[in-house]
Every structure is written in C-alpha cells, then in structure tokens.
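In the working numbering, the protein residues as written are 37 to 524.
By construction, the Cβ of each residue, glycine as well, lies at the ideal position given by its N, Cα and C atoms.
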Ligand code: GLN
C-alpha cells in the first residue's frame, strides 16, 4: 500500500513503530502536491521547508522516545487559521501579504501533538461560499471531476484529502463549510458542538456560528484529529470549560438500540431521488446493525437559510470592519485622503461576495431595521434550536442528506447567489442550533460521491463518530479514490 493510501491512524502507527520516518511520509505528500496540485489548486501555500524541518524534529523526538500522539504525521490547514511566520490569506486579496505573528490555538494544539504542516489550503474568500469559487487565488477543482466544484468553503481541504495530497486537514464550518465539501469530495468531515474547539487565531466570519473541525477520509481519523483540537482556551471566551471527551474510546461500540430520527424536512418532494435513495440505503445499513429508525419533524428548519443570511452577514459586517487598510490588510496605492484610503482599500481588497455580505449585514443592523431583521432572526434561531431539543428527547441521532445536490459544474451558480445559498439547506440549521454533525461518504451517483449527514445532541460527537465508524466498518465508500490520485 502506498503511503498516501494509508489512513492518518496508520501513518501515525507506522511512524511510531519505525516502519517509515516522518521525513519519508512528508516528502511523499509534498511530491504528490507538486505533481497534482496544479490541476486542483487545493493549496494556497505549500510550506515545504518548514514541513521538512518539522518532520526531522519529529524523527529525532521519536529516537528519544519523545513526541506527541500524532508525532510526525503531516496534514494541511485551511488558510483561515493563523500560522506563525506563514502567510494567512483567508483567500482574500485583503490578506494576501499577511504573515501571522502567532499560531491559532488549533494549529498550536496540533503542533504540540507532533503534527507536520504541509501547507495552507484554498477556500472561499473569508469562508463565504459553497463552491470555493470566491477565492482570490482561483477556484479549486473537484478531484472526481475537474469540471466540477469541490464545495465550500473548505473546498481546498476537502479536495486535498480526497486526492490523497494530505491524509487529513482542518476546516471550519459556519453554515456547512466542513460537511458540504466533505460530501461533494467523498470524505468524512465533522463540525463539533459550538464552543468545543477554540476560535482563537481563526479568522472570524460569523462568531456565533464559526467552529473548526477535522476533515479526513474516515470517522476514525476524524476522531483522532478532533481529540487533539479540542479543549478549553482562555483566549476564546466562547470556548467551553468542560472535561475533554474521549472520542476514540467509543468508536467500536455496537449501535444496537441507537434511535435515528429522519426529519421529513430533510427529504422534501423535490429532492434528487437518487440522493434520497443513497441516503436511505446508508441509514438501512445502520438499521441492519441494530439502530431503530423513526420519522420526526423539525418544522422551523425551513426558515434556517433566510435566518442564517441575516445573522451571518450581520456578524461578518462587524468582524470585517477591522480590515480597513490601517489596522489590518491591503492598502490602496496613493490615497488622496483618509476617506479615499478606506474606500479604495476595502473596494480593492474585498471580492464581490464579501462585499455583498457586508452590505446586507450593515443594512440588517442599521437603525430602524435591527428589530425587523436581526432581532427577528435571533428569535427564529431560538425556534430552530427548540425543534432540535424536542427531537433529541426522542432520538439519539438525526440523519439525512448533507447536500441537496451532487458536485455541480464550475461556474454553474456563480452569478446566482440565492441558488448558491441553497447548497447549505440541510447543514445551516445545525450551526444555528450549535449542534455537532458530520458528513460521511454514503455512495456514488454517476461517479460522484454522495454525503450522508449525522447530527448529534450537544457534546455527542462521540456518538455520531461511533455510528459513522460502524457504517465504515461495513462499507467501503470512504476508501474509494478518484482515479488520478492513484499514481504518485
Ligand atoms: N456556504 C455558507 C456561506 O456562504 C456557509 C459557509 C461556511 O460554513 N463558512 O456562508
């Protein structure tokens, strides 16, 4: 088995046992990135020199019986995480030349566990999008079909993992940005309960929704990565101070008696019939293993897209005000006065989708409209949360499709923001409620992967990872690779 076909867990074990060195593994992935990424554009920066230094340090640590639990294993970070001494662009011209002076907590924690950083992955600008087409550095291609999008906003991370350019990657999910690209690229990705992973050093989009999580090929690898990302951080006041769960210990548990709720709202009449079939078949596999399936209803979930598109832009307009060409970010040439500097720096530094969000958000928060939009949206958010709370009195896990569509063609929705926003119709409610959810590969339609979403109650990451792992022990969808990824 070539190194790039090994899972994160196998690579960790192999390095620990001395079957291969971190340097060998790291060089192998760097060579694959060099060979294939020109086609995919999944990386914004490849940090070869740094990666090799980290790999050598990991190999030395091993010699001395030191090193963390992920000693020497290489992964990629979404370019939304600050990385000390390395450009952190958030895929925006605004931060094209920003070299972060510090590491995000997630980067720091994984670094302490021994992770080697291969580079920074492409994404939608400031994580706003569902297709990875809003990046200043150009779109990412889906490794299953280079004419199609990988999903977004963590599209670079999803494409890189699917194409075996990295065994795993970090992502962030504000309205679906881990789960939707995971679904469209045929990998596994998890958004944790809000407050489980520190947001410090993760460039803010919508602070009450943003959450970082792992993206890998299997639930087992996601559990391993997540285990090393979580934990209280006094630098993020929304990061919860509670004992860290063990996501690995329950992975193998049998799922006999697990109750799975299928919300009728996740299987609307106009849902692509093939996607509904694949999803139902995947759930039937869990049923075969002893899970009990019941129908439920989440009536307010239909309001989640409009609710999100008031709250997320409102928070974004506030978060992005710091990029003014003075305190942070791109500064225009030869400003005539201060007003000109602000105006042109922001006009030239931000792309169209980011500007659209800032305008919508500023409008929703402005005097006279705040009550009608922002306050109303917050109330609907509560109704959505209450729907889930009621459902979780009866069921352990909620399941359905991750995305209403397969990977769509590049450019297909680029000029129609509303259609693009609907790509997250099954994922957004989870962020509004703050719940954990994952997407796992459930099958293929015409050679394109289909993702199945499992939503858990608060802090039940372990339970959905367990169900996904059991599914992956019985199926091989998650082991399929796009054809060109096979050679070195
Ligand atoms: N696609 C959604 C948006 O554009 C969600 C993005 C995200 O989760 N970062 O806002």
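key: residue 70 versus residue 83 - alpha carbon distance   = As a working note, residue 70 is residue 34 in the chain shown. As a working note, residue 83 is residue 47 in the chain shown. So the two alpha carbons sit approximately 12 Å from each other.
query = Measuring CA to CA, which of 217, 432, 485, 347 is closest to residue 417?
reply = The count along the chain shown starts at 1 and reaches residue 417 at position 381. Out of 217, 432, 485, 347, 347 has the C-alpha closest to the C-alpha of residue 417.
task = Label residue 374 either buried or exposed according to how many other C-beta atoms from any shown protein chain fall within 10 Å of its C-beta, with 16 as the threshold for buried.
result = Start at 1 with the first residue of the chain shown, and residue 374 comes out as number 338. With fewer than 16 other CB atoms across the displayed protein chains lying within 10 angstroms of its CB, residue 374 is exposed.
ask   = Taking the continuous alpha helix (DSSP H) assigned at residue 99, which residues delimit it?
value = Within the chain shown, numbered from 1, the residue matching residue 99 stands at position 63. Counting along the chain, the alpha helix (DSSP H) containing residue 99 begins and ends at 84 to 99.
ask   = Using a Cβ-Cβ cut-off of 6 Å (strictly less than) and excluding sequence neighbours within five positions of residue 295, which residues of its own chain qualify?
value = Within the chain shown, numbered from 1, the residue matching residue 295 stands at position 259. Only 328, 431, 432 meet the Cβ criterion.
request  = Identify every run of the alpha helix (DSSP H) within the segment 240 to 324, keeping only runs that are complete inside it and at least 4 residues long; order them along the chain.
outcome  = Runs of the alpha helix (DSSP H) spanning 4 or more residues and lying entirely within the segment 240 to 324 occur at 255 to 263, 309 to 324, in chain order.
key: Opposing strand residues paired with residue 238 [DSSP bridges]   = Position 202 of the chain shown, counting from 1, holds the residue named residue 238. According to DSSP, residue 238 bridges with 117.
request  = State the DSSP-derived secondary structure class of residue 382, mapped to helix, strand or coil.
outcome  = What you label residue 382 is simply residue 346 of the chain shown in a count that begins at 1. The answer is helix: DSSP assigns residue 382 an H, G or I state.
Residue 349 versus residue 325: straight-line alpha-carbon distance, rounded = Residue numbering aside, residue 349 sits at position 313 when the chain shown is read from its first letter. Residue numbering aside, residue 325 sits at position 289 when the chain shown is read from its first letter. One alpha carbon belongs to residue 349, the other to residue 325, and they sit about 42 Å apart.
message = With H, G and I counted as helix, E and B as strand and the rest as coil, what does DSSP make of residue 139?
response = As a first step, residue 139 must be located in the chain shown, where it is residue number 103. Residue 139 sits in coil when the DSSP states are folded into three classes, being neither helix nor strand.
inquiry  = I need the DSSP call for residue 16, collapsed to helix, strand or coil.
reply    = Because the chain in this structure spans residues 37 to 524, residue 16 falls outside the shown range and cannot be described.
request  = Indicate, with yes or no, if the ligand GLN has a heavy atom lying under 8 Å from the CB of residue 165.
outcome  = Taking the chain shown and counting its residues from 1, one reaches residue 165 at position 129. Yes, the ligand GLN has a heavy atom inside 8 Å of this Cβ.
ask   = Is any heavy atom of the ligand GLN found at a distance shorter than 8 Å from the C-beta of residue 208?
value = Residue 208 sits at position 172 when you count from the first residue of the chain shown. Yes, the Cβ of residue 208 comes within 8 Å of a heavy atom of the ligand GLN.
message = Buried or exposed for residue 357, going by 16 or more other Cβ atoms inside 10 Å?
response = For this step, residue 357 is matched to residue 321 along the chain shown. Around the beta-carbon of residue 357, fewer than 16 other beta-carbon atoms lie within 10 Å, marking it exposed.
request  = Check whether the segment 241 to 259 touches the segment 221 to 228, taking contact to mean three or more Cβ pairs, one atom from each stretch, closer than 8 Å.
outcome  = Between the segment 241 to 259 and the segment 221 to 228 there are three or more inter-stretch CB-CB distances shorter than 8 Å, so the stretches are counted as touching.
message = Counting C-beta neighbours from all protein chains within 10 Å, is the total for residue 331 16 or more, i.e. buried, or is it exposed?
response = Along the chain shown, one-based indexing puts residue 331 at 295. Residue 331 counts as exposed, since fewer than 16 other C-beta atoms from the protein chains shown sit within 10 angstroms of its C-beta.
query = Since residue 334 and residue 384 are thought to touch, with beta carbons under 8 Å apart, how far apart are those beta carbons, to the nearest angstrom?
reply = Reading the chain shown from its first residue, position 298 is the one you call residue 334. Reading the chain shown from its first residue, position 348 is the one you call residue 384. 43 Å between Cβ atoms; not a contact.
query = My guess is that residue 487 and residue 218 are in contact by the Cβ rule of under 8 Å, so how many angstroms apart are they, rounded?
reply = Stepping through the chain shown from its first residue, residue 487 is reached at position 451. Stepping through the chain shown from its first residue, residue 218 is reached at position 182. For a cut-off of 8 Å, the C-beta gap from residue 487 to residue 218 is around 6 Å, short enough to register as a contact.
task = Return yes when at least one heavy atom of the ligand GLN lies under 8 Å from the C-beta of residue 168, else no.
result = For the purposes of this step, residue 168 is taken as residue 132 along the chain shown, with counting starting at 1. Not so, every heavy atom of the ligand GLN lies at least 8 Å from the Cβ.
key: Inside the segment 135 to 215 only - beta strand (DSSP E) runs reaching at least 3 residues   = List check, beta strand (DSSP E) in window: 152 to 157, 204 to 208.
ask   = Is there at least one non-hydrogen atom of the ligand GLN closer than 8 Å to the beta-carbon of residue 526?
value = Residue coverage of the chain in this structure runs from 37 to 524, which leaves residue 526 outside it and unanswerable.
Nearest-angstrom Cβ-Cβ length linking residue 230 and residue 404, presumed shorter than 8 Å = Within the chain shown, numbered from 1, the residue matching residue 230 stands at position 194. Within the chain shown, numbered from 1, the residue matching residue 404 stands at position 368. That belief does not hold up - the Cβ atoms of residue 230 and residue 404 are roughly 30 Å apart, past 8 Å.
inquiry  = Could you tell me the alpha carbon to alpha carbon distance between residue 161 and residue 308, rounded to whole angstroms?
reply    = Counting from 1 along the chain shown, the entry for residue 161 is found at position 125. Counting from 1 along the chain shown, the entry for residue 308 is found at position 272. Distance between the alpha carbons of residue 161 and residue 308: 29 Å.
message = Assuming residue 103 and residue 97 are in contact, meaning their beta carbons sit under 8 Å apart, how far apart are those beta carbons, in whole angstroms?
response = Translated into the one-based positions of the chain shown, residue 103 becomes position 67. Translated into the one-based positions of the chain shown, residue 97 becomes position 61. The Cβ separation is near 4 Å, so the contact holds.
Member of 423, 478, 361 whose CA lies at the smallest distance from the CA of residue 297 = As a first step, residue 297 must be located in the chain shown, where it is residue number 261. Among 423, 478, 361, the Cα nearest to that of residue 297 belongs to 423.
Of the listed residues 46, 456, 129, nearest to residue 440 (C-alpha basis) = Translated into the one-based positions of the chain shown, residue 440 becomes position 404. Of the listed residues, the one whose Cα sits closest to residue 440 is 456.
key: Beta-carbon separation (whole angstroms), residue 292 vs residue 106, contact threshold 8 Å   = Translated into the one-based positions of the chain shown, residue 292 becomes position 256. Translated into the one-based positions of the chain shown, residue 106 becomes position 70. With a beta-carbon spacing of about 32 Å, residue 292 and residue 106 fall beyond the 8 Å limit used to define contacts.
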